[in-house]
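In our numbering, the protein residues as written are 1 to 167. Where a beta carbon is used, it is the ideal one built from N, C-alpha and C, also for glycine. Working notes for the structure below.
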Amino acid sequence: GLRVRAPNINTQRFVDNLGGSPTETEESDIPTAFSTGRVDAMITSSSTGNSMAAWDYVTDYTDANLWLPKNIVFISQRSFDRLDEATQEALMEAAARAEERGWQMSRENNDESLAALQENGISVSEPNAEVAAALQAAGDELFTDWQSRADDEAKAALEAYRAQRGN
């Protein structure tokens, strides 16, 4: 199969599930990997494609919405519990505003990056039905594998997340 840049174990498993040959390649090594034939394709965000000037080594980008760039901030429960109620409420309100703004910034970055890819000659398209089904099946296989290894606490956390999202 295609030699596909896979920067981490989950992406490697995903590429395996698609029938490709995962190749661990650091972001800084992408241009060399393409120019030497070590990789034929990569799974990446539009943002990384733009920042790495992907138009120098690829001609097509399929916008499969596999992920959007994002950052997450954590606080330990113990530290949060030590805060007074007013500070906890203020922190949660600030977190909600930051989350909304973060998702907005991520969508804007994605839109700007897709436009930059096109402006530099990359053909941007959505996956056809066959590719979309293959991507979904590969992801489902990863999820099934995770479920077989996850402990009850991890499964409960996922179910709480799904309930919150309504799916």
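Excluding residues up to 5 positions away in sequence, T62 and A64 lie with their Cβ nearer than 6 Å to the Cβ of P127 in the same chain.
Counting of Cβ neighbours within 10 angstroms places A33 among the buried residues, the total reaching 16 or more.
The three-state secondary structure of R38, taken from DSSP, is coil.
Using a C-beta cut-off of 8 Å, the stretch 134 to 141 makes contact with the stretch 6 to 22, since at least three inter-stretch Cβ pairs fall below that distance. In the structure shown, D84 falls within a coil segment according to DSSP collapsed to helix, strand and coil. Taking one beta carbon from each stretch, the stretch 77 to 96 and the stretch 22 to 40 have fewer than 3 pairs nearer than 8 Å; the two do not touch. DSSP places Y61 within a strand segment (E or B) once states are collapsed to three.
When E130, A98, N50 and Q147 are compared, the shortest CA-CA separation from N120 is found for N50. Shown here, P7 sits in coil according to DSSP, grouped into three states, outside any helix or strand. When secondary structure is reduced to three states using DSSP, P127 falls in the coil class, being assigned neither helix nor strand.
Counting along the chain, no alpha helix (DSSP H) covers T44, and no H or E run does either.
Of the candidates A96, G1, Y161 and A41, A41 places its Cα closest to the Cα of P7. Boundaries cannot be given for K70, as no alpha helix (DSSP H) includes it and DSSP labels it neither H nor E. Counting only the Cα atoms, A160 lies some 26 Å from M105.
Per DSSP, A163 is one residue of the alpha helix (DSSP H) stretching across D152 to R165. Annotated three-state conformation of T32 is helix, per DSSP.
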